[in-house]
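Student: If you use mature numbering (1 follows the signal peptide of the UniProt record, and there is no 0), the sequence shown corresponds to residues -23 to -1, 1 to 398, in order.
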Amino acid sequence: MKKVMLKTSLGVAVALASSQLFASGFALNEQSVSSMGTGFAGRSSSAEDASTVYGNPAGMSRLKRQQVTVGGAAVIAKTDISGPGSNLGGETDGDMVPVVGVPMGYYVKPIDDHWTVGFGVYVPFGLVTDYGSDDAARFWGKKSHVEVVTFQPTVSYAFNDKVSIGFGPTFNRIKGELGSNLINPVTPGRNDGEVKIKGDDTAVGYNIGLMVQATDRTRIGLTYHSMVDYKLEGKTKVNTPLIGPFSGSKFDASLKIKTPESVDLSVTHELDDQWTLYAGSTWTRWSRLKDITVQNDVPRPLIGSAFQTISEEQNWHDTWAHAVGASYKVNKEWVLRTGFTVDQSPTNNQDRSPRIPTGDRKIFSLGAGWSPSEDMTIDVAYSYLWEEDTKVNQVSATKGAYRAKYENSAHGVGASLTYRF
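#1: Look at the Cβ atom of lysine 233, then the Cβ atom of lysine 175, and state whether they are nearer than 7 Å.
#2: Is there contact here, the segment 33 to 41 with the segment 201 to 210, by at least three beta-carbon pairs under 8 Å?
#3: Could you compute how far the alpha carbon of valine 98 sits from the alpha carbon of valine 140?
#4: For tryptophan 117, which of helix, strand or coil comes out of DSSP?
#5: Should threonine 131 and glycine 170 be called a contact, given that it needs their Cβ atoms to be closer than 7 Å?
#6: Between serine 21 and glycine 198, which are expected to be in contact by the criterion C-beta below 8 Å, what is the C-beta distance as a whole number of angstroms?
#7: Going by DSSP, what residue range makes up the beta strand (DSSP E) through tyrosine 108?
#8: With distances taken between CB atoms, is the gap from threonine 259 to alanine 298 smaller than 7 Å?
#9: Identify the residues that DSSP records as bridge partners of leucine 254: which are they?
#10: Classify isoleucine 88 as buried or exposed, calling it buried when 16 or more other Cβ atoms lie within 10 Å of its own Cβ.
#11: Asparagine 64 and alanine 392 look like a contact to me (Cβ under 8 Å); what is the Cβ gap, rounded to whole Å?
#12: Evaluate contact between the segment 336 to 344 and the segment 285 to 295, counting only Cβ atoms and requiring at least three cross-stretch pairs below 8 Å.
#13: For a test of the three-state rule: what should DSSP assign to alanine 298, helix, strand or coil?
#14: State the start and end residues of the unbroken beta strand (DSSP E) segment that holds glycine 389.
#15: Buried or exposed, going by whether 16 or more other CB atoms sit within 10 Å of the CB of glycine 48?
#16: Apply the 10 Å Cβ neighbour rule to histidine 91 and answer buried if 16 or more other Cβ atoms are within range, or exposed otherwise.
#17: Which two residues bound the contiguous alpha helix (DSSP H) that contains threonine 29?
#18: By a C-beta neighbour count over all protein chains shown, 10 Å radius and 16 as the cutoff for buried, is alanine 358 buried or exposed?
#19: For the alpha helix (DSSP H) that contains serine 9, what are its first and last residues?
#20: Looking only at DSSP bridge pairs, what is isoleucine 185 linked to?
#21: Count the other CB atoms within 10 Å of the CB of tryptophan 252; is the residue buried (16 or more) or exposed (fewer)?
#22: Within a Cβ cutoff of 6 Å, which residues of the same chain sit near glycine 186, ignoring the five residues on either side of it in sequence?
#23: Ordered along the chain, which non-local residues of its own chain (more than five positions away) have a Cβ less than 8 Å from that of glutamate 310?
#24: Spatial neighbours of aspartate 206 within its chain, please: CB distance less than 7 Å, with the 5 preceding and 5 following residues excluded, ordered by chain position.
#25: For glycine 118, count neighbouring C-beta atoms within 10 Å of its own C-beta (all shown protein chains included) and say buried if the count is 16 or more, exposed if not.
#26: Can you check whether the CB of serine 342 is closer than 7 Å to the CB of glycine 103?
Here it is, written out as C-alpha cells:
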C-alpha cells in the first residue's frame, strides 16, 4: 500500500484530505482555526482556546475557565497536469482531489490552580486522491485513501505562573484503501483489471508539551508528537484483465506503517496591548517512510507470485516548516490575524508518484476572532497555498511509463466556536 491518503470518520465518515492540505507529506495542520489564521505560527506557545490540547497540552494551564472549542476546515484544491502522461494512453486530468472537510473538537476544565484536564478529537494525518477510470495515472495510483482520527485525553500541571507541562496519550484509528489498474496484455490501456487493498488498525501514541512564560510579554512553547506504529490488516482483491488463477481472488493482507514524530517550537511575543507577534518551526521525521509494502496471504500454489508482496518505494526525507505571524486587537470584541508559512515536501524526484505529487509549498493566511461576549468567541480563517511545480517520472516493466508536471494550489477556509462556562 502506498503512502497515500486519508479520510476520517467522526461518528460518520467524513471525506477529508488532499495532497494539497496545509502540511507536508500526508500530515494535516487543521487542528485549530485560531492558529490557522496566523499560519500556525505560535501554535505551541499561544493557548488561545481549547485547541491547545493538540497545539501544546501544557497551554491548558493558561485557560482559567471551563470551555469547549468545536470547528472544521474545508479545502478546495486545484491541480494542473501537463506532459506526455502514460505511453498506454489516457486522459491527463487535474481533477483528482475532491473538496474535503476536516473536523475538530476539544474540551478543557481547570481543576485547581495547578491541575487542568482536557480532551480532544482531531485529525492529525489525511490524504485522498481519486483519478478517473480513463486517467493516464490509473496504473500508478487510481485511488488512494487513508483515514486517521485521534482521541486524546490530556492533563496539564502548572508549577507556578511561569512554567507548565502537559501530557496526553493518543488513541489513533487508521483506515486505508489503495487501488490501481492492471494492464491488459492483449489490449493495453483497455479492459483493464484492478487491484484494491483495504486495511485498518488502532494504535497508541502520545503528545507532551512544555510552556514557559519567559518574560511578562513573551512565551515559549515546545511540543512533541510521538511516532505511532500501525499494522493494518485487511483484504487485497484482484480482478485480472484475463481469466486466470487470480481473477476475482481475495487475500488476507497486512501492512506495517509508522506515522512520524514531530517537534514544534514556537514563540509568542506581545509587542504592546494591541499587537502580538508569533514565530515557530516544526521538524517532522518523514525519513521513517522508506517504502510501503503489503504482504498478502496467497494460497500455497500461488506463493511466489507477483501478488504475494506489493511494494512501492518512497524514500522520504525529514522536513522543516517555518512560520511567522501577527495579530492585532482592534477592540475588546475583535482580533485580526495573518501569517506566512514555508513547508518542505518529503518526496524526492526519483520516487515521487501520482499518489502524492507534491513539492515545497508556501502558505499565506488571514484570520479573525469575534467575541460578542466574554463567554463566546467565533474564529474564522482563510489560507492560500501554492507549491513549486513538481514532476513525476515513473517507468515500470509492468505499468509502462508515466511522465507529468503537476502545478498544485489550494484554498482553505475554517471556522470554530469557543464557549466558556
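Glycine included, C-beta positions come from ideal geometry on N, C-alpha and C.
Please read all numbers here as calculations on a predicted model, not as lab measurements.
Tutor: Answer, in terms of the structure:
#1: no
#2: no
#3: 26 Å
#4: helix
#5: no
#6: 3 Å
#7: Run containing tyrosine 108: none; DSSP gives neither H nor E here.
#8: yes
#9: His246, Ala303
#10: exposed
#11: Not really, about 46 Å apart at Cβ, beyond 8 Å.
#12: no
#13: strand
#14: 377 to 397
#15: buried
#16: exposed
#17: 29 to 32
#18: buried
#19: No alpha helix (DSSP H) holds serine 9; DSSP gives it neither H nor E.
#20: Phe144, Tyr201
#21: exposed
#22: Asn33, Pro34, Ala35, Gly143, Thr200
#23: Trp347, Ser348, Pro349
#24: Ala180, Lys235
#25: buried
#26: no
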